[in-house]
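Using numbering that gives the first Met the number 0, you'd call the opening residue of the sequence shown number 0 and step up by one each time.
The structure appears below as C-alpha cells.
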Amino acid sequence: MPTAGTRERIGVFGGTFDPPHSGHLRVAGDVADQLSLGRVLWIPARRSPFKRDEECSSPEVRLEMVRSAVMTDPRFEVDDRELRRPGLSWTVETLEELRSEHPEADLFLIVGADQFLQFARWRGAERIVRLARVAVMNRAGISARAGSPDVIAAVPGLSDAVLSVPVTDVDVSSTDVRAVVRAGGDPSGMVPEEVERVIRERGLYAD
Ligand code: ATP
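Below, the structure written as C-alpha cells:
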C-alpha cells in the first residue's frame, strides 16, 4: 500500500498473451523495477483490434496461463476485465475504468516498441495520453528509433506522456513459442514451467 503522501504507481500491461512467455515476465519485472511500480496489472485482451483476424486460444485458456505466469512476482496481478467485456478490447476504455477506480494513482501503460510503432492508430490515442504515461520498452529486432519521432509527432500530448524504459533484450515472442510447439519442439526456457504445463495438458498449438 502507498504511504500517506505518495501516489500509487500502477503498471498496465495489456497483450494477447497466447501464451505469456519469459520475455513478458522479464520485461514487466524490469519496468516495475525501473519505474518503482507497486503493481503491474496484466490485462489479457479478448480480441486485439490489431489482431482481429487472427485465431487465438480461448479467453479461459489464456487467463489460466496468465494466472500461472504472474505467480512469479508479488507485484504482478491479473485483471480480466477485457476478457469479460464483449467485442474488441480498446485500451482507452480500460484506462478510463482504471482511472476512475484509482483516481489518485499514477498509471503507466506498458507497451513494447513493436506496439508503440502503431500507437498513432490506436483508438483514443489522445485521450490515452491524458489518462496514463506511456512506458515504451525496447524489443529485440525492433528499431523503435526509426518510427518513434513520427509516432510522437502524430499524437498531441504524447511527447510529454512517453517514457522510454530500457529493458533486457529477450528475443522471444508468442509466435515463436507457438511455432516451436507446432513443430513438436520443447518450449521450456521460452515459457515458465506452469505455462508449459498448461500448453502440454491442453494440447495447445499442436496442429
Ligand atoms: P505475438 O508473437 O503473438 O504477436 P507477442 O509475443 O508480441 O505475441 P503480446 O501478448 O502481443 O506478445 O505482447 C504483449 C505486450 O508485450 C506488447 O506490448 C509487446 O510489445 C510486449 N512484448 C512481448 N514480448 C516482448 C519482448 N520479448 N520484449 C519486449 N516487449 C515484449
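For every residue, glycine included, the Cβ atom is placed at its ideal position computed from N, Cα and C.
- Rounded to whole angstroms, the gap between the alpha carbons of residue 10 and residue 169 is 20 Å.
- Judged by their CB atoms, residue 110 and residue 157 are not nearer to each other than the 9 Å cut-off.
- Here the alpha carbon of residue 167 sits roughly 6 Å from the alpha carbon of residue 26.
- Under DSSP, residue 38 takes part in a beta bridge, and its partners are 9.
- Counting only unbroken stretches of 3 or more residues, the beta strand (DSSP E) elements lying wholly within the segment 100-154 are 105-111 and 132-136, in sequence order.
- When the five nearest sequence neighbours on each side are left out, the beta carbons in the same chain lying within less than 7 Å of the beta carbon of residue 126 are those of 91, in order along the chain.
- Bridge partners of residue 162 according to DSSP: 134.
- Contact annotation, residue 36 with residue 107: C-beta distance approximately 7 Å; criterion of less than 8 Å satisfied.
- In the structure shown, the three-state DSSP call for residue 193 is helix.
- In this chain, residue 69 is not harboured by any beta strand (DSSP E), its DSSP state being neither H nor E.
- Here residue 191 has 68 as same chain residues with Cβ atoms under 6 Å from its own Cβ, once five neighbours each way along the sequence are excluded.
- Across the set 175, 179, 197 and 113, the C-alpha of 197 shows the shortest separation from the C-alpha of residue 63.
- Using a Cβ distance threshold of 9 Å, residue 18 and residue 177 count as a contacting pair.
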